[in-house]
Every structure is written in C-alpha cells, then in structure tokens.
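One structure is given below, encoded as structure tokens.
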Amino acid sequence: MSHAEWQPKPHQTPEPRHVRPGPRIPTMLGRGLRKKCPACGQGGLFRRWFTISERCPRCGLKFERIEGHWIGAIGMNTIVTFATLLLLLIVGLVVLLNSEVSRWAVTVFLMIVAVTVPPLIDPFTRTFWTAIDLSMRPLEAHEVDWTVVDPSFVPPIDGNTGDGDALTSEALPNEDQ
Ligand SMILES: [Zn+2]
Numbered sequence: 336m337s338h339a340e341w342q343p344k345p346h347q348t349p350e351p352r353h354v355r356p357g358p359r360i361p362t363m364l365g366r367g368l369r370k371k372c373p374a375c376g377q378g379g380l381f382r383r384w385f386t387i388s389e390r391c392p393r394c395g396l397k398f399e400r401i402e403g404h405w406i407g408a409i410g411m412n413t414i415v416t417f418a419t420l421l422l423l424l425i426v427g428l429v430v431l432l433n434s435e436v437s438r439w440a441v442t443v444f445l446m447i448v449a450v451t452v453p454p455l456i457d458p459f460t461r462t463f464w465t466a467i468d469l470s471m472r473p474l475e476a477h478e479v480d481w482t483v484v485d486p487s488f489v490p491p492i493d494g495n496t497g498d499g500d501a502l503t504s505e506a507l508p509n510e511d512q
C-alpha cells in the first residue's frame, strides 16, 4: 500500500445544505408548547404529571439528550413563573390603587400563584426546552427513527431563489477587485 496515494477527503456533510435534520424550528417549538415530542409530534409522553418517559414511544428520541438537560427546563420554568408574577404584581398594584381590595388579598393571591404555577407548567417547560435544545443542537442521525421524523427544507440564505428583486447584484461585494 502506497502512502503517496492517500489524499485528505473533503468534509462530507450527510445532507444537502438546504436540508436541516429534523422538523422546522417553529414546528418543534409549537409541539414543545403542547407537551408533545418536538421531533415527531407524539403526545402522551408523561406517565405522571412530573414523569416524562425516557424516550419518545414513536421516534425514540431520548429527551435527556445530555446530562444536565433538565436544568434548562428548570430555567424556563423560573423565567415563566417570574414573568407571570411580575405581570400580576403590576396588575395587583393597579387594583390596589383603584379599589377597596385589601393588600392581604393581593398578597395571598400572588403567593398562591407563586406556589402553583411552577408545578403546573413543569411538563410544558420540559418539552419546550427540549424543542429549544433541538433548535440549537439539531438532531443527529442516531437519535431518532427517521421514518417518522421528516427533515425540513431550509431556504438558501444567499437569495438565489428570489424572483429577481433589486438587492441581488448590487448588495453583494465585488470580489474581483
Ligand atoms: Zn418523537
């Protein structure tokens, strides 16, 4: 065997550049918000309210993609809870200033919200966070059953598919000079 024949091979991408592994990002986020598998849309992923299956029963996606994955879901939960509390706090202040409602009633209401919202939204934040994770780190070939997960088409960003708008030629830098 001659070493001289060996040549470095060009980097080969598994898919054409206009095909992204996995569904479109808005599709995945929408599925995540509805407590469904972001990759294939399968529902019924939770055995109990707080207990998500290890893998999607349809496409096989392992939801805990890396160790520490669920920390992101806890972060999502915290952000949504605090945003809700802030909004209700503002509403509560407006109500306090304009009515005879006691401040204790508003305080107790906000405390009930603070305690009940995190567990209520927990499953949704898990699937939604998984969707965000998949948006940032696309599916890899071994992660799912590709007969039930369709790759998505991504329009090329160089504008070649446009129907001849005025931007195309003049906006591009001229590299000849
Ligand atoms: Zn799935």
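Per this note's numbering, residue 336 is the first one in the sequence shown, and the count goes up by one each step. Yeah, the Cβ is synthetic: ideal placement off N, Cα and C, and Gly gets one too.
Cβ-based burial, residue i [other Cβ within 10 Å; buried from 16]
i: residue 380; result: buried
i: residue 429; result: exposed
i: residue 384; result: exposed
i: residue 357; result: buried
i: residue 363; result: buried
i: residue 484; result: buried
i: residue 408; result: buried
i: residue 387; result: buried
Residue j beta carbon less than 8 Å from that of residue i
i: residue 459; j: residue 397; result: no
i: residue 367; j: residue 463; result: yes
i: residue 292; j: residue 453; result: Missing from the structure shown is residue 292; the chain here goes from 336 to 512 and no further.
i: residue 412; j: residue 360; result: no
i: residue 424; j: residue 445; result: yes
i: residue 473; j: residue 354; result: no
i: residue 438; j: residue 432; result: no
Reference residue i, options the options, closest by Cα
i: residue 466; options: 439, 488, 373, 358; result: 373
i: residue 479; options: 392, 439, 384; result: 392
i: residue 402; options: 444, 422, 468, 476; result: 468
i: residue 427; options: 441, 414, 434, 437; result: 441
i: residue 365; options: 476, 461, 439; result: 461
i: residue 449; options: 473, 418, 408, 476; result: 418
i: residue 471; options: 390, 400, 395, 451; result: 400
i: residue 404; options: 443, 434, 389, 488; result: 389
i: residue 475; options: 410, 378, 394; result: 394
Identity of the residues DSSP links to residue i by a beta bridge
i: residue 438; result: Beta-bridge pairing links residue 438 to no other residue.
i: residue 488; result: 354
Review point. Going along the chain, which unbroken runs of the beta strand (DSSP E) with 3 or more residues stay wholly within the region 381-430?
Key: Scanning the region 381-430 for uninterrupted beta strand (DSSP E) segments of 3 residues or longer gives 381-383, listed from N- to C-terminal end.
**Study point:** Any alpha helix (DSSP H) of 4 or more consecutive residues that is wholly inside the region 442-473
**Key:** DSSP runs (the alpha helix (DSSP H)) wholly in the region 442-473: none.
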